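For what it's worth, our numbering labels the leading residue of the sequence shown as 20, then goes sequentially. Glycine included, each C-beta is placed from N, C-alpha and C at the ideal position. Small disclaimer: the values here were computed from a predicted structure and weren't measured. To start, the structure itself, in structure tokens.
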Amino acid sequence: MTSAHRPIIPLCLLLAAPLFAATAQAAGPTTEVVAKGLHNPWAVAFIGDGRMLVTERPGRMRVIGADGRVGDPLAGVPPVDAVGQGGLLDLVTDRDFARNRTVHFCYAEPGSGGMRNSTALASARLSADARSLENVKVIFSQQPKISSRLHFGCRIAQAEDGSLFLALGDRFQRMNDAQTLDNHHGKVVRVRTDGSAHPDNPFVRRSGALSEIWSYGHRNVQGATIGPGGRLWTIEHGPQGGDELNRTDAGKNYGWPVITYGENYGGGAIGAGITSQEGMEQPLVYWKPSIAPSGMAFVKGTQYGADWQGNLLVGSLKFRYLVRLVFDGDRVVREEKLLPDLAQRVRDVREGPDGFIYLLTDDREGQLLRLKPES
20 MTSAHRPIIP
30 LCLLLAAPLF
40 AATAQAAGPT
50 TEVVAKGLHN
60 PWAVAFIGDG
70 RMLVTERPGR
80 MRVIGADGRV
90 GDPLAGVPPV
100 DAVGQGGLLD
110 LVTDRDFARN
120 RTVHFCYAEP
130 GSGGMRNSTA
140 LASARLSADA
150 RSLENVKVIF
160 SQQPKISSRL
170 HFGCRIAQAE
180 DGSLFLALGD
190 RFQRMNDAQT
200 LDNHHGKVVR
210 VRTDGSAHPD
220 NPFVRRSGAL
230 SEIWSYGHRN
240 VQGATIGPGG
250 RLWTIEHGPQ
260 GGDELNRTDA
270 GKNYGWPVIT
280 YGENYGGGAI
290 GAGITSQEGM
300 EQPLVYWKPS
310 IAPSGMAFVK
320 GTQYGADWQG
330 NLLVGSLKFR
340 YLVRLVFDGD
350 RVVREEKLLP
360 DLAQRVRDVR
370 EGPDGFIYLL
380 TDDREGQLLR
390 LKPES
């Protein structure tokens, strides 16, 4: 069976047990506020001693202390184009952070004259006093730069060998670029920490293809993580339906905009209105209607019990809750909606070194929350 015909499950049809079906059931998980007063926070990373580093979309990076105190903006953050969906976006600490204090972050990088922009990936050293970024180096810039306020993508995942995956949006009006290999629009790229293309990338020897490309046919990836077996997983926004969860493998074509389970804003088919085509990957699951998924994390720790281990947690911007996906092998068999009364856009989901899940809410008065196990 080819990937174009692999069975998939629309998550709108999955039947999940209700969280509060009876008063005798245990209450679902709740949250506690770790920090507040963050301006449209986008990503959180852990830097030791209970401290966290958070990005704010307008272009600031801050340390949050173990006591929840929000520090002043760090010096050294490069200029960002904080327009529309752009700004200072994703952030990860290097796998060897305890030794090298390196952080990797991506953002909307303005072009000369300020009329064009694209997604850039930078690396820097967090100073010993955690007040500034040092030795900031832009190691990758999406090409070409265009004038757009939309679909920057900008999620980072670090592979086990230290290389960096960066998910890139199609920039909205350039959606057809997602199907060609001479640009970075609608792609996932893989680079080494010096910015060079990974030598094992699938298109390094193909004439006319950019060597950084790992996969293509993406619309606007908003979540990325390394899952079981060291494989890359991504989650992306569809147009008015058709949000996708994918295992994102080397050289694969994920179909956008040729195939999609979404439709044009306001209604109407996109292109030929087809959902499958030979040589294009089907999502593992899709959402229709769209939930506008965001950050995601696999549960590895034991804080939430054995039933949660190996589950995938996904934030929803649109419906303002947390989604728990339960697997049977490599199949999603259950969707559970958590925190139905949260009423805040969930932008990032991370598992901390303490085994707890942390959420960022995207608002002008955003919060960093810790997920408390059900009582």
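Between F375 and K206, what straight-line distance do the alpha-carbon atoms span, to the nearest angstrom? For the purposes of this step, residue 375 is identified with residue 356 of the sequence shown, where counting begins at 1. For the purposes of this step, residue 206 is identified with residue 187 of the sequence shown, where counting begins at 1. Cα to Cα, F375 sits roughly 31 Å from K206.
On a CA-only basis, which of V352, F338, K337 and A311 is nearest L331? Give me that one, please. Counting from one through the sequence shown, the residue named residue 331 turns up at place 312. Of V352, F338, K337 and A311, the residue nearest in Cα terms is V352.
- Task: State buried or exposed for K156, treating a residue as buried only when at least 16 other CB atoms are found within 10 Å of its CB.
- Result: As a working mapping, residue 156 is identified with position 137 in the sequence shown. Per the 10 Å Cβ criterion, exposed.
Worksheet entry | Buried/exposed call for N265, threshold 16 Cβ in 10 Å | Numbered from its first residue, the sequence shown carries residue 265 at position 246. Buried, by the Cβ-count rule.
| query | Taking just the CA atoms, how far does Y340 sit from V89? | reply | Position 70 of the sequence shown holds residue 89. Position 321 of the sequence shown holds residue 340. Going from the Cα of V89 to the Cα of Y340 covers about 24 Å.
- Buried or exposed: which applies to T321, given that a residue is buried once 16 or more other Cβ atoms fall within 10 Å of its Cβ? As a first step, residue 321 is located in the sequence shown; it is residue number 302 there, counting from the start. Under this definition T321 is an exposed residue.
How big is the Cα-Cα spacing for G292 and G95? One-based indexing of the sequence shown puts residue 292 at position 273. One-based indexing of the sequence shown puts residue 95 at position 76. Their Cα atoms are separated by approximately 47 Å.
Should Y126 be labelled buried (16 or more other beta-carbon atoms within 10 Å of its own) or exposed? Position 107 of the sequence shown, counted from the start, is the residue given in the question as residue 126. That one is buried.
With a threshold of 6 Å on Cβ separation, who are the neighbours of S146 within its own chain once the five nearest residues in sequence on each side are excluded?
Taking the first residue of the sequence shown as 1, we reach residue 146 at position 127. Result list for S146: E153, in chain order.
Use the C-beta contact count for V318: other C-beta atoms within 10 angstroms, 16 or more gives buried, fewer gives exposed.
Stepping through the sequence shown from its first residue, residue 318 is reached at position 299. Flag for V318 reads buried.
Short of 8 Å in beta carbon distance, which residues of its chain neighbour M299, apart from the five on each side in sequence? Order them along the chain. To locate residue 299, count along the sequence shown from 1; it is residue 280. S22, A23, G236, N272, Y273, G274, V277 and I278.
Hey, quick one: how far does the alpha helix (DSSP H) through R395 stretch, first residue to last?
An answer regarding residue 395 cannot be provided, because it is not within the stretch 20 to 394 covered by the chain.
Quiz item: Which of the three DSSP states, helix, strand or coil, is assigned to A127?
Solution: Within the sequence shown, the letter at position 108 stands for residue 127. Three-state result, A127: strand.
Where the beta strand (DSSP E) through M315 begins and ends | To locate residue 315, count along the sequence shown from 1; it is residue 296. Segment P312 to F317, the beta strand (DSSP E) holding M315.
Three-state secondary structure (DSSP) of G67: Here residue 67 refers to the residue found at position 48 of the sequence shown. Note: G67 maps to strand in three-state DSSP.
Would you say R369 and A316 are within 8 Å of each other, going by their C-beta atoms?
-> Reading the sequence shown from its first residue, position 350 is the one you call residue 369. Reading the sequence shown from its first residue, position 297 is the one you call residue 316. A contact, by the Cβ cut-off of 8 Å.
**Report entry** Cross-strand partners of I80 (DSSP beta bridge)
**Finding:** Within the sequence shown, numbered from 1, the residue matching residue 80 stands at position 61. Position check: residue 80 holds Met in this sequence, whereas Ile was assumed. Answer is T74.
**Prompt:** Apart from the five residues just before and just after L344, which ones in its own chain have a Cβ nearer than 7 Å to its Cβ?
**Reply:** Stepping through the sequence shown from its first residue, residue 344 is reached at position 325. Result list for L344: N330, L331, V333, V351 and E354, in chain order.
Check: How long is the line joining the alpha carbons of P302 and E263, rounded to whole angstroms?
Finding: Your numbering for residue 302 matches position 283 in the sequence shown. Your numbering for residue 263 matches position 244 in the sequence shown. Computed Cα separation, rounded: 6 Å.
*Identify, in the order they occur along the chain, each residue of the same chain with its Cβ nearer than 6 Å to the Cβ of H170, setting aside the five sequence neighbours on each side.*
Taking the first residue of the sequence shown as 1, we reach residue 170 at position 151. Result list for H170: G188, D189, R190, F191 and N239, in chain order.
Can you look up W275 in the DSSP assignment and give me helix, strand or coil? Against the sequence shown, residue 275 aligns to sequence position 256. Here W275 sits in coil by DSSP.
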